[in-house]
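Protein chains: 2
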Amino acid sequence: MAGVLVIEDDDRIRLALLLALEDEGYVVRGAATAEEGLRAQRQDPADQVLVDLMLPGLDGFECIRQLRRDDDVPIVVVSARDDTHDIVAALEAGADDYVVKPVAIKELSARLRALRRRARTAAAPVPVYAFGGLEISPEEGEVRRDGRPVPVTRTEFRLLCELAEHAGRVLSRQQLLSRVWGYDTGDERLVDVHVGRLRQKIEADPANPRHLVTLRGLGYKMQR
Amino acid sequence: MAGVLVIEDDDRIRLALLLALEDEGYVVRGAATAEEGLRAQRQDPADQVLVDLMLPGLDGFECIRQLRRDDDVPIVVVSARDDTHDIVAALEAGADDYVVKPVAIKELSARLRALRRRARTAAAPVPVYAFGGLEISPEEGEVRRDGRPVPVTRTEFRLLCELAEHAGRVLSRQQLLSRVWGYDTGDERLVDVHVGRLRQKIEADPANPRHLVTLRGLGYKMQR
DNA sequence: CGGGATTTGTCACGCAACTGTCATCCGACC
DNA sequence: GGTCGGATGACAGTTGCGTGACAAATCCCG
Numbered sequence: 068m069a070g071v072l073v074i075e076d077d078d079r080i081r082l083a084l085l086l087a088l089e090d091e092g093y094v095v096r097g098a099a100t101a102e103e104g105l106r107a108q109r110q111d112p113a114d115q116v117l118v119d120l121m122l123p124g125l126d127g128f129e130c131i132r133q134l135r136r137d138d139d140v141p142i143v144v145v146s147a148r149d150d151t152h153d154i155v156a157a158l159e160a161g162a163d164d165y166v167v168k169p170v171a172i173k174e175l176s177a178r179l180r181a182l183r184r185r186a187r188t189a190a191a192p193v194p195v196y197a198f199g200g201l202e203i204s205p206e207e208g209e210v211r212r213d214g215r216p217v218p219v220t221r222t223e224f225r226l227l228c229e230l231a232e233h234a235g236r237v238l239s240r241q242q243l244l245s246r247v248w249g250y251d252t253g254d255e256r257l258v259d260v261h262v263g264r265l266r267q268k269i270e271a272d273p274a275n276p277r278h279l280v281t282l283r284g285l286g287y288k289m290q291r
Numbered sequence: 068m069a070g071v072l073v074i075e076d077d078d079r080i081r082l083a084l085l086l087a088l089e090d091e092g093y094v095v096r097g098a099a100t101a102e103e104g105l106r107a108q109r110q111d112p113a114d115q116v117l118v119d120l121m122l123p124g125l126d127g128f129e130c131i132r133q134l135r136r137d138d139d140v141p142i143v144v145v146s147a148r149d150d151t152h153d154i155v156a157a158l159e160a161g162a163d164d165y166v167v168k169p170v171a172i173k174e175l176s177a178r179l180r181a182l183r184r185r186a187r188t189a190a191a192p193v194p195v196y197a198f199g200g201l202e203i204s205p206e207e208g209e210v211r212r213d214g215r216p217v218p219v220t221r222t223e224f225r226l227l228c229e230l231a232e233h234a235g236r237v238l239s240r241q242q243l244l245s246r247v248w249g250y251d252t253g254d255e256r257l258v259d260v261h262v263g264r265l266r267q268k269i270e271a272d273p274a275n276p277r278h279l280v281t282l283r284g285l286g287y288k289m290q291r
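Protein chains in written order, with our numbering: chain A, 68 to 291; chain B, 68 to 291.
What follows is the structure, encoded as structure tokens:
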């Protein structure tokens, strides 16, 4: 199948979107819940996915994360909520774009086209960050030390990915709070605690970290 | 160059965007006209471009087309006009995203990040100041002598960065106090002490400094 | 739906490292 | 040789970081 999967619980809106997109020349399919959408995508992947944030059961954010876990499919959020925090959270979760309802179908269509163009040109191998015996694979959602999987929690993983993505650069506690947690403000000790926990898991000698190092007064960084 | 190029004619808005993005950890550069932006991008390409639609001379749409012709760089339109027709036209012209002013910087930053993830933009190289065997890398938070990391404290590091940034120029103790410490007034001896400590760490012969030199009665400067 | 396990965020404390001040010494310049 | 600006060593106060304990939130499983 080639086309668009629309995950939206409101029957009227879903139908309207499906019809309008069909009119624009897309092959379409709908799902009323995140679970249904995920199942559909697994069985017979669409080229692009539209997802609402407020879904019954599994919510939109989690839906995005799970879609992303299996797949690099372009995801556009279509939400009624026009709130920076939601937008940031959705994009962080893995969405590619976020539009606010009601949306002009021409705009939606143009955004889908732009995204498809971008996704096509960028078909690339799965990136795996490696630091000595430490491997971090954002796509797989896995961390390995000397080839052995290390169990890390979601927050730890996001933190690790953020650091790995900017390997060699200092990231301040503020930057980490903002990028990993989405906090504008908050207790910086929180970062310390998670870094500490991460070190217990990924460092040979957690008291003398070789990869996840502290720069006193500046922040943390991943060392190659 | 690595980072974000902002093409926007309104000085106030451009400056605000640049500062905010810098705050988010981006390396930034601005251009006031499409022509200037295109030239900048050709000479020294940024990883991502922000462009306003209403520009004097060459307009935003044409600017996007020309950027696209040379390059696959991710382009985000930041416009005051919230009009489906403009949005569609901009995306058709080759833009990847379109946000309406005023925009929350957090949202913009998240969109840039999402786009970068999608475009798999090459990781930005790390800028480094070099003075003979002495390297100072603000991004990495590291100082190296002959390739070996030298442990410096935060204050020392800031001081060194300030001097390195204005290499070859004298900086008075007052200027340093103000830029490094944020003091309007204070004991100038403080600077001496930190310079001394720094010399112990980065100079081969601290008593006869070659890079961090004193200009009696004037201040200090970094010597190439 | 319920209860146990896991994860997450907060807090307070202790240690180590850093900062700024001061007094003294030194060397350049007139 | 005198004077002035700069260097330096010592020290006490402060700051920043790591950590263990704990409570709240969330997940997971039947």
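Quick reminder that beta carbons are idealized off the backbone N, C-alpha and C, glycines included.
1) Count the other CB atoms, across all protein chains shown, that sit within 10 Å of the CB of P169 (chain B); report buried if there are 16 or more and exposed otherwise.
2) Going along chain B in order, which residues have a C-beta closer than 7 Å to the C-beta of D163 (chain A)?
3) Taking only beta carbons into account, state which residues of the segment 105 to 134 of chain B come closer than 7 Å to chain A, listed in chain order.
4) What are the complete beta strand (DSSP E) segments, minimum 3 residues, inside the segment 134 to 194 of chain B?
5) Do G208 (chain B) and K268 (chain A) have their C-beta atoms closer together than 8 Å?
6) Rank A:Q110, A:D114 and A:E102 by C-alpha distance to the C-alpha of G349 (chain A) and give the top, closest one.
7) Could you check what DSSP says for R211 (chain A) in three-state terms: helix, strand or coil?
8) Do three or more CB pairs link the segment 70 to 80 of chain B to the segment 152 to 166 of chain B at distances below 8 Å?
9) What's the gap between the Cα of A189 (chain B) and the Cα of R81 (chain A)?
10) So which residues of chain B does V237 (chain A) contact, with C-beta pairs closer than 9 Å?
11) Just to confirm, are V247 (chain B) and L265 (chain B) a CB contact at a threshold of 8 Å?
12) Counting only beta-carbon atoms, is V258 (chain A) nearer than 8 Å to chain B?
13) So for E75 (chain B), helix, strand or coil by DSSP?
14) On the three-state DSSP scale, how would you describe G286 (chain B)?
15) Within 8 Å of any Cβ in chain A, is that where the Cβ of A98 (chain B) sits?
16) Within the 8 Å Cβ cut-off, does G284 (chain A) reach chain B?
17) Looking only at its own chain, which residues have a Cβ that is under 7 Å from the Cβ of D163 (chain A), when we skip the five neighbours before and after it?
18) Who pairs with V280 (chain A) in a beta bridge, going by DSSP?
19) Could you spell out the range, first to last residue, of the alpha helix (DSSP H) harbouring L226 (chain B)?
20) Could one say the Cβ of T252 (chain A) lies closer than 8 Å to chain B's Cβ atoms, at least one of them?
21) Across which residues does DSSP place Q115 (chain A) in a beta bridge pair?
22) At 7 Å on the CB atoms, spell out the chain A contacts of I154 (chain B), in chain order.
23) Run down chain A in chain order and give the residues with a C-beta less than 7 Å from the C-beta of A171 (chain B).
24) Mind the definition here: the segment 237 to 254 of chain B touches the segment 195 to 210 of chain B only if three or more C-beta pairs lie below 8 Å; say whether that holds.
Checking against the coordinates, here is how it stands:
1) Exposed is the call here.
2) Below the 7 Å Cβ cutoff, chain B contributes A181 and R185 as neighbours of D163 (chain A), in chain order.
3) Residues: none.
4) Taking 3 residues as the minimum length, the beta strand (DSSP E) runs contained wholly in the segment 134 to 194 of chain B are 142 to 146 and 164 to 167, in order along the chain.
5) Taking 8 Å as the Cβ cut-off, G208 (chain B) and K268 (chain A) do not qualify as a contacting pair.
6) What is shown of chain A runs 68 to 291, which leaves residue 349 (chain A) out entirely.
7) R211 (chain A) sits in a strand when the DSSP states are folded into three classes.
8) Short answer: they don't touch.
9) Legend: pLDDT at A189 (chain B) = 48, less than 50; position of this residue unreliable, value from coordinates given subsequently. Answer to the nearest angstrom: the Cα atoms are 38 Å apart.
10) Taking a Cβ-Cβ threshold of 9 Å, the residues of chain B close to V237 (chain A) are P205, E206, E207, G208 and E209, in chain order.
11) Contact flag unset, no.
12) Not closer than 8 Å to any Cβ of chain B, the Cβ of V258 (chain A) fails to qualify, so no.
13) Note: E75 (chain B) maps to coil in three-state DSSP.
14) In the structure shown, G286 (chain B) sits in a strand (DSSP, three-state: E or B).
15) A98 (chain B) does not count as touching chain A.
16) A Cβ of chain B is located within less than 8 Å of the beta carbon of G284 (chain A).
17) The answer, listed in chain order, is P141, I142, V143 and L182.
18) Per DSSP, A:K288.
19) Per DSSP, L226 (chain B) is one residue of the alpha helix (DSSP H) stretching across R221 to E232.
20) No, its Cβ sits nowhere closer than 8 Å to a Cβ of chain B.
21) Per DSSP, A:V71.
22) Residues of chain A passing the Cβ test: E174 and A177.
23) Close to A171 (chain B), with beta-carbon spacing below 7 Å, are these residues of chain A in chain order: T151.
24) Taking 8 Å as the limit for Cβ pairs, the verdict is that the segment 195 to 210 of chain B does not touch the segment 237 to 254 of chain B.
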